[in-house]
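Okay, so here's the structure we're looking at.
Residue numbers (the working numbering): 176 to 330.
Right, here's the structure in full:
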């Protein structure tokens, strides 16, 4: 069983783009319940199904498995309901950690969020200059919620 310990932040500048090449991500959800989400995600030419439990603080259980791209295509087109999430992901190393920065497209255009995965909830880390306000505790920024209520529809 995997454990995901993740913190989310808004991004205050796009300076990070020169430090990394992006990969394109398309994802949708088979299930978005309060205690469990099941996600289908394609990274360029790879695909995964991921099951995540509800968060407890910054941590939650996560199970991720590779699946054939053709299966992911079929599930995304026929089984995922709501808006498909499209984004470009940049990975930037800083002070011993990798920051994943998502520049959203489509219905979430205009939103840029950075995430850092940590080995423990109390692990200290330094923030690069492009990191802004923390939004870990704001459920609007969870991808499963952006899937149902895209950023462009926020009032």
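Think of the CB as a built atom: it goes at the ideal place given N, C-alpha and C, for glycine as much as any other residue.
Simplified DSSP assignment, three categories, for residue i
i, result
"residue 330", "coil"
"residue 249", "helix"
"residue 270", "coil"
"residue 284", "coil"
"residue 321", "helix"
"residue 278", "strand"
Nearest-angstrom Cβ-Cβ length linking residue i and residue j, presumed shorter than 8 Å
i, j, result
"residue 183", "residue 316", "6 Å"
"residue 275", "residue 284", "That pair is no contact at about 19 Å."
"residue 257", "residue 204", "7 Å"
Environment of residue i [buried if 16+ CB atoms lie within 10 Å]
i, result
"residue 301", "exposed"
"residue 255", "buried"
"residue 321", "buried"
"residue 262", "buried"
"residue 303", "buried"
"residue 221", "exposed"
"residue 273", "exposed"
"residue 287", "buried"
"residue 318", "buried"
"residue 289", "buried"
**Item:** Contact the segment 301 to 315 vs the segment 199 to 215: 3+ CB pairs below 8 Å
**Value:** no
**Prompt:** Within the chosen definition, does the segment 290 to 308 reach the segment 236 to 256 through at least 3 CB pairs nearer than 8 Å?
**Reply:** no
**Request:** Ignoring anything shorter than 3 residues or poking outside the segment 191 to 239, list the beta strand (DSSP E) runs there in chain order.
**Result:** 198 to 207, 211 to 218 and 221 to 228
**Item:** Unbroken stretches of the alpha helix (DSSP H), 4 residues or longer, contained in the segment 288 to 321
**Value:** none
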